[in-house]
Structure formats: structure tokens, C-alpha cells
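2 protein chains.
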Amino acid sequence: MEVMKVLHMNGGVGETSYADNSSVQLEMLSMTRPILEEAITGLYLSISPWPSTLTIADLGCSSGPTAFFAVSEVIGAVENLCRKMGHNEPPEYQFYLNDLPGNDFNALFRALPKMQEEEARCFFTGVAGSFYGRLFPCKSLHFVHSSLALQWLSQVPRMIECNKGNIYMASSSPKSVMDAYYRQFQNDFSVFLKCRAMELVPGGCMVLTFVGRRSEDRSSSECCSIWELLAMALNEMVSESVPSETVLIRIMKGT
Amino acid sequence: MEVMKVLHMNGGVGETSYADNSSVQLEMLSMTRPILEEAITGLYLSISPWPSTLTIADLGCSSGPTAFFAVSEVIGAVENLCRKMGHNEPPEYQFYLNDLPGNDFNALFRALPKMQEEEARCFFTGVAGSFYGRLFPCKSLHFVHSSLALQWLSQVPRMIECNKGNIYMASSSPKSVMDAYYRQFQNDFSVFLKCRAMELVPGGCMVLTFVGRRSEDRSSSECCSIWELLAMALNEMVSESVPSETVLIRIMKGT
Numbered sequence: 003m004e005v006m007k008v009l010h011m012n013g014g015v016g017e018t019s020y021a022d023n024s025s026v027q028l029e030m031l032s033m034t035r036p037i038l039e040e041a042i043t044g045l046y047l048s049i050s051p052w053p054s055t056l057t058i059a060d061l062g063c064s065s066g067p068t069a070f071f072a073v074s075e076v077i078g079a080v081e082n083l084c085r086k087m088g089h090n091e092p093p094e095y096q097f098y099l100n101d102l103p104g105n106d107f108n109a110l111f112r113a114l115p116k117m118q119e120e121e122a123r124c125f126f127t128g129v130a131g132s133f134y135g136r137l138f139p140c141k142s143l144h145f146v147h148s149s150l151a152l153q154w155l156s157q158v159p160r161m162i163e164c165n166k167g168n169i170y171m172a173s174s175s176p177k178s179v180m181d182a183y184y185r186q187f188q189n190d191f192s193v194f195l196k197c198r199a200m201e202l203v204p205g206g207c208m209v210l211t212f213v214g215r216r217s218e219d220r221s222s223s224e225c226c227s228i229w230e231l232l233a234m235a236l237n238e239m240v241s242e243s244v245p246s247e248t249v250l251i252r253i254m255k256g257t
Numbered sequence: 003m004e005v006m007k008v009l010h011m012n013g014g015v016g017e018t019s020y021a022d023n024s025s026v027q028l029e030m031l032s033m034t035r036p037i038l039e040e041a042i043t044g045l046y047l048s049i050s051p052w053p054s055t056l057t058i059a060d061l062g063c064s065s066g067p068t069a070f071f072a073v074s075e076v077i078g079a080v081e082n083l084c085r086k087m088g089h090n091e092p093p094e095y096q097f098y099l100n101d102l103p104g105n106d107f108n109a110l111f112r113a114l115p116k117m118q119e120e121e122a123r124c125f126f127t128g129v130a131g132s133f134y135g136r137l138f139p140c141k142s143l144h145f146v147h148s149s150l151a152l153q154w155l156s157q158v159p160r161m162i163e164c165n166k167g168n169i170y171m172a173s174s175s176p177k178s179v180m181d182a183y184y185r186q187f188q189n190d191f192s193v194f195l196k197c198r199a200m201e202l203v204p205g206g207c208m209v210l211t212f213v214g215r216r217s218e219d220r221s222s223s224e225c226c227s228i229w230e231l232l233a234m235a236l237n238e239m240v241s242e243s244v245p246s247e248t249v250l251i252r253i254m255k256g257t
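So the sequence lines, in the order shown, correspond to chains A and B.
Numbering-wise (this note's numbering), the first sequence opens with residue 3 and increments by one.
Numbering-wise (this note's numbering), the second sequence opens with residue 3 and increments by one.
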């Protein structure tokens, strides 16, 4: 799976890093707080006895502050619930922070010591791998969280027709290309659910946030315009031989 | 704890990397195989029922092939035992690979996919932190392994006397300095044992390999000569003002 080896957010903490350019992602996390609280309450009610250690996986965590923001939200929701339920002894937390092997885990881990000091009952681990495959042992997770990661497919779908210089679904893409993307998502999401079903404990739960669209038009500007712009820029660069057409074809095929 | 932030083996996979310069460590791992097998047998006999997932921590794993060599040894020992005991369904394995936050986890994780493909029942996570503190939730580990890592202290000990230009115990070190190193080891190892006692399940076990010496002389060449040579080289560089004496004093104090 070539995409798995090369795809990752910009590492480090500099100007072009994901860590310094993820304010939209942080806002989205903030918006999903009520859903997360509801899910944690459901978890509490369905698992008995309440475990002394909660195991939580954040899938597609990247290396920026969003990873820790999600952690804080989960802890906040659990502690609130414990107070409400008169549960005096809050649990320990085992957080599995997952992303692809190309993610900058070094940057993520260097930011950890401060977080660990603040939350002495939190234990963090990094898990490098694709969530379109098994990542954890059977029945080992209580809660799975993934924010704005599942819209990334495991690979560029196999297409019978050429995508006419596009790098994703665009207004000029043939219907067969649109269908190929749809099938790829169906396959990927089905694998994702099968893997998580094995890894979650009975009564465990998930909160997943996707990029979506309100329009029925699959190449709607709500989700696809950024890729059309990027394809235009790449094609322009090809016309100036930077990069070569062969490189562009490889980008389009994800190889 | 400044030492924790800066101490790590050379990352990457190049000529000067730890990955390419750890043949002694690999040999040591090979030598301890019988001890490891004995420990795994003891674990099997003391834990009932035999868990469907074995959780194993390798403390001070670094980023080289030694991390995976230890993993293979553990798996080999468990599979052997399962065959002997007529236990047809081998367990899943959750490996926690631990080292300080400055370790090159990116290099470690990039080497993982191949290992994961070979061992489909193995799940790997990286844990960044000092083993002179809590790293895992209570009663979460079956087996702890650490090879040639526990001789690294958590900090340069507080010393009442100057160490006469040495950076470790040397033949010219005063007795008070030797005693300070001894006390530091006692404190550190005591903290290590207390933390692991909380993290291991009842019946869990550990295999720890240290650098030792046969001689009673604490500055014996068996373990200390390399540091005497390094101190001589540093002092020579100071006399040529590279680095300055202030920098050397910081190195000696680990700050």
C-alpha cells in the first residue's frame, strides 16, 4: 500500500507544519463536544463494572495540538460524568495515538512530557499504521475517536477511464471515476468497521467525524474545489515541465 | 529532569546511527535467550487462565534492530511453550516499545510495517518516557524486558566534592563521588521497581540485563574505562577552547 507509506501531514512545529496549521480541525473538535459527552455517558451505562483503566484510541491523530485537544475533551467528559455519578475514583487512561508510519511521532512525543505531568493518570502510546487494517488486540479498546481522518481513502481507486488531468472527483470527471471513488470508500469503511468491531470491548463505542457535503453533486465545491485548484496548479507546473508528466501521473495514481 | 530530555541514542539508519552500531547489544540479547525462555515458562505457570493477549514492554528499546530482535525472541519463546503445552491457539501480542522522548521513534515506526506483516497477531506501540517513572496503567503488563538500559541513571548524582574533570566514576574520583553514584543507582532502581510493581499483573515477570563488573573496584576498566577516555578527550578539547570549560561543566552535571 504505497499511499500508506508516503501520506502524512507536514511534521515538525515550523511555519508550514500541520501543528501550526490546524485551527479548522481544532474548531471541529470543539463543535463535537456534546456528541462526545453523550457517547461517554452511553459507554458508562453499557460497561459494568466501570473499568479501572479506560483505553482510548485516537485514529489519525497527526502530530499537532489537535491530538492533545481530543485527549483533554475525552478526559473532561469522563471526569464530569464521574462527578455526576458520584464515582469518586476516576479511572486511569491509556491513550493510543494513531497515525500512518510517516507521521511525525518524534514531534508528538516531545510534546508529551508536559501533558503527562499535568495528567498523572494518563498514559500515552503512539501507534503507527493504517486504520484500514488491525491496529489493536481483540477486545482491547473502550472508546475510539477519529476526527477528520476517515475521508482519506486507503488508496487511489482503480479506474477504468482516465480522470482527465484531475487528482480527485472534479466537475469534469467521468461518472465511472465518481463510482470508483464511491466503491473505494465503501470498501475502506467496511474494512474499518470490521477491524474496530474486533478491537472494541462489548459495549465500547466510537465517535467519528467526517468531511461531508449537503449537495448530491459528488464534485460539489463544498468538498472538492480545493482538489480542482490543486490539479490546475499541478497541470500548470507540468506545462512548464516542473514536475514532469510522469510524476503527475504517479501523483494521480498514488504510487 | 534535563537528562531525560536530551539523552538518546543516535537516530536514523546512517553510518553513525545506533541502528548500525549495536552488534554488542544484539549479541547480549542472543546470550540471554535461555533466561528469557525460563521466565516465559514461569509466566505461563503463574497466570491462569492464559490470556488471549500478552502485553509485553521493552524498556529502553532504542530505534535499532535490537528492538525487533527482542520481540522475535519473546514470540519464539511463547510459541515454543504453547506447542509444548499443547496450547493450540497462540495469543495476540501487544508490544510496548519504550525509550526516552528524544529517541528516534520515526525510524522505529518506519521499520514496523514489515514486522507487522510477518507477525499478523503482533500489535506495536511506542511509549516515550523515562522508566524511572510510571509509563503504564496499573496491572496492565504481563512481561517486562530491558536489555542494557538500566545502567543509565536518571540524572548525574548530586556530589559534594568536585569529580576532578571526570564525567563518571574514574580512578581519580574521590570516594564521596563513588558513593554519590551508588546512592543514585539505589534511588533510581528502587523507583523503577516500585513503578513496575504497580504496572505488572499478579504473576507477571521481568528479565533485566545490566552492565556489570566482576571487580570490587567501582572504577574498574571493565565498565568505566570508556568514560575515562571520553573525559580525557573532552578535557583536551577544552584546553583548545572547543568546547569551553562552562560547556564541559554542564556536560558533567548533565544540565
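Beta carbons: idealized from backbone N, C-alpha and C, even for Gly.
Our contact map puts residue i next to residue j with C-beta atoms below 8 Å; I'd like the distance itself, whole angstroms only.
| i | j | result |
| --- | --- | --- |
| B:M180 | B:R220 | 5 Å |
| B:Q96 | A:P139 | 5 Å |
| B:L143 | B:L210 | Not confirmed; about 14 Å, so no contact. |
| B:E75 | B:R123 | Wrong, their Cβ atoms sit about 16 Å apart, outside the cutoff. |
| B:I58 | B:F133 | So it is not a contact: roughly 14 Å between Cβ atoms. |
| A:S65 | A:N105 | 6 Å |
| A:L56 | A:S148 | The pair is not a contact, with the Cβ atoms about 17 Å apart (cut-off 8 Å). |
| A:F71 | A:L31 | 5 Å |
| A:M128 | A:L110 | Note that residue 128 of chain A is Gly in the sequence shown, not Met. Rounded, the Cβ-Cβ distance is 6 Å, consistent with contact. |
| B:A79 | B:E39 | 5 Å |
| B:K141 | B:V73 | Actually they are not in contact, since the Cβ atoms of B:K141 and B:V73 sit about 22 Å apart, beyond 8 Å. |
| A:E94 | A:F126 | 12 Å between Cβ atoms; not a contact. |
Is it buried or exposed, residue i, if we count other Cβ atoms within 10 angstroms and call 16 or more buried?
| i | result |
| --- | --- |
| B:C164 | exposed |
| B:V213 | exposed |
| A:L47 | exposed |
| B:A199 | exposed |
| A:S175 | buried |
| A:G88 | exposed |
| B:A235 | exposed |
| B:E201 | buried |
| A:S243 | exposed |
| B:Y184 | exposed |
| A:S156 | buried |
| A:P67 | buried |
| B:N108 | buried |
| B:I228 | exposed |
| A:L114 | buried |
So, with DSSP's three-state summary, where would you put residue i?
| i | result |
| --- | --- |
| A:T57 | strand |
| A:L202 | strand |
| A:E94 | strand |
| A:T34 | coil |
| B:W154 | coil |
| B:M180 | helix |
| A:M3 | Confidence at A:M3 is low in this model, with a pLDDT of 49, below 50, so its placement is unreliable and the value that follows should be read with caution. In this structure, A:M3 counts as coil in the three-state DSSP scheme. |
| B:K141 | coil |
| A:M171 | coil |
| A:Y46 | helix |
| A:E224 | coil |
| A:W298 | Outside the shown range of chain A, which is 3 to 257, sits residue 298 of chain A, and nothing can be said about it. |
| A:G214 | coil |
| A:V79 | Here residue 79 of chain A is Ala; the residue named in the question, Val, does not match the sequence. Looking at A:A79 - three-state DSSP - the assignment turns out to be helix. |
| B:S192 | helix |
| B:M87 | coil |
| B:E163 | coil |
| B:R112 | helix |
| A:S243 | coil |
Output needed for residue i: all residues of its chain with C-beta closer than 6 Å, excluding positions within five of it in sequence on either side, in chain order.
| i | result |
| --- | --- |
| B:I49 | G205 |
| A:C197 | R136 |
| B:G167 | N237 |
| B:G131 | L137 |
| B:S222 | R215 |
| A:Q186 | L155 and P159 |
| B:A98 | Before going further, note that residue 98 of chain B is Tyr rather than Ala in the sequence given. Hits under 6 Å: A59, T127 and V129. |
| B:M239 | none |
Going by DSSP, name the residue or residues bridged to residue i.
| i | result |
| --- | --- |
| A:H147 | A:D60 and A:V209 |
| A:E128 | For clarity, residue 128 of chain A is Gly in the given sequence; the question names Glu instead. Answer is A:L99 and B:G128, bridged to A:G128. |
Enumerate in chain order the residues of its own chain whose CB-to-CB distance from residue i is below 7 Å, with the five nearest sequence positions on each side excluded.
| i | result |
| --- | --- |
| A:C207 | A41, G44, L45 and F145 |
| B:C226 | Y170, M171 and A172 |
| A:S54 | P93 and E94 |
| B:E224 | R215, R216 and S217 |
| A:L83 | I42, T43 and Y46 |
Closer than 8 Å by C-beta to residue i: which residues in its own chain qualify, once you throw out the five before and the five after it? Chain order, please.
| i | result |
| --- | --- |
| A:I37 | V209 |
| B:V193 | Y134, G135 and S156 |
| B:M161 | S178, V179 and A182 |
| B:E81 | P92 |
| A:L232 | I169 |
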